[in-house]
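**Q** Mapping to this note's numbering: the sequence shown position 100 is 101, numbers consecutive.
Think of the CB as a built atom: it goes at the ideal place given N, C-alpha and C, for glycine as much as any other residue.
Have a look at the structure that comes next, please.
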Amino acid sequence: MTADIHTTPRPDAPDPPAEKPTGRRHRPGRFGVHIFLMAVSLGFLAPLLLAVYASLRPYEETAQHGYFSFPKHLSFDYYRQAYSDSGMGKYFSNTLLIAVPAVLITLFLAAFVAFAVSRLRIRGGMILLMFFTAGNLLPPQVLVTPLYVLFLKIPLPWWMSDSLTLYDSYWAVIIVNIGFQVGFCVFVLSNFMRTLPQEILEAAIVDGAGVWTQFWRITLPLCRPALAALGTLEFTWIYNDFLWALIFISNPDKLPITSSLNNLRGQFFTDYNLLAAGSVLVALPTVLVFLLLQRHFIAGLTLGSSKG
């Protein structure tokens, strides 16, 4: 049998330490950071919100009472008019013919170069990476005239270009966008691939995997968040491009969506509410792409934030 032993605390014993509260304390600085971020977000969203607000009101009402007045009549008439008057359906298809191949080819080529630089450890890999990165520092306007002359002299078959040259074809805009965007993608993907465990490729080599298998079946699937983030950014940049299409395409029927807004401007009068509705319609595809890839985009931006 065992007897219960009751112990009484000594009168001179120190009090047990108080339990720390489990709830998260709200620091005063956090509120300041939140207010600052809300103010910055509102500053970025203010032009878009004002454009949406103006596109729902008649121009006569805003001309009489101002853009910051309370509305008396709201409708989507301007959106229907902007889509029909500017011919956005045709320009949307032109933009997709340029943006989609340019994004896919850019990511594919950048992934190849980043894999060779960061995973295969080839000679001069760092110099090659610096070469691709330095290409982003070159102003695009410097190459406008040389590229214009060059594209006029490069022949293409009739099934690739109506003008029988690289000029006035979708290929000209696609090639230029690839050339200017691949350097940034190589820089981002190479830094991400360096964070992947080297033991994965070593185990694949032991199992007899070749270079193509290491790239296509092992490394590329692990880079899905980074590729999604880059794909979102690249599609937005190429979709919103106006300079290259204006220079290298002379046929109005081949121009991208950014050029369709010029059709909403009159010679003597411009309805800016109608123009705002057209701008909102032009911005919708990029917003849709971001919403579809939002989870992967945020994951790609936060990769490595918790690593030592």
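So what does DSSP say about T96, is it helix, strand or coil?
**A** Helix at T96.
**Q** Please classify N274 as buried or exposed, where buried requires at least 16 other C-beta atoms within 10 Å of its C-beta.
**A** Classification of N274: buried, given that the 10 Å Cβ count is 16 or more.
**Q** List the residues that DSSP assigns as beta-bridge partners of P156.
**A** Partner(s): T166.
**Q** Please go through the same chain and pick out, in chain order, the residues whose beta-carbon is closer than 6 Å to the beta-carbon of H294, but skip the five residues on each side of it.
**A** Per the sequence presented here, residue 294 reads as Leu, with His not at that position. Excluding residues within five positions, the ones whose Cβ falls inside 6 Å are A229, T233.
**Q** Within the same chain, show all residues whose beta-carbon is closer than 7 Å to that of R296, passing over the 5 residues directly before and after it, in chain order.
**A** Answer for R296: no residue qualifies.
**Q** Note the first and the last residue of the continuous alpha helix (DSSP H) segment covering M161.
**A** Neither: M161 is in no alpha helix (DSSP H) and is coded neither H nor E.
**Q** Quick one: grab the DSSP three-state call for A229.
**A** In this structure, A229 counts as helix in the three-state DSSP scheme.
**Q** Of all the options G279, D254, L256, P257, which has the alpha carbon lying nearest to the alpha carbon of R266?
**A** Considering only alpha carbons, the answer is G279.
**Q** May I ask you to report which of helix, strand or coil DSSP gives Y273?
**A** The answer is helix: DSSP assigns Y273 an H, G or I state.
**Q** Among F113, A83, F193, A135, whose alpha-carbon lies nearest the alpha-carbon of N263?
**A** Of the listed residues, the one whose Cα sits closest to N263 is A83.
**Q** Hey, L98 and Y149: beta-carbon distance below 8 Å or not?
**A** No, the Cβ-Cβ distance between L98 and Y149 is not below 8 Å.
**Q** Comparing C-alpha positions only, which one of M161, L223, I128 sits nearest to F188?
**A** Ranking M161, L223, I128 by Cα distance to F188 puts I128 first.
**Q** Let me check understanding here. Comparing Cα to Cα, which of R122, V177, P48, F37 lies closest to A246?
**A** Comparing Cα positions, the closest option is V177.
**Q** Label N137 either buried or exposed according to how many other C-beta atoms from any shown protein chain fall within 10 Å of its C-beta, with 16 as the threshold for buried.
**A** Classification of N137: exposed, given that the 10 Å Cβ count is below 16.
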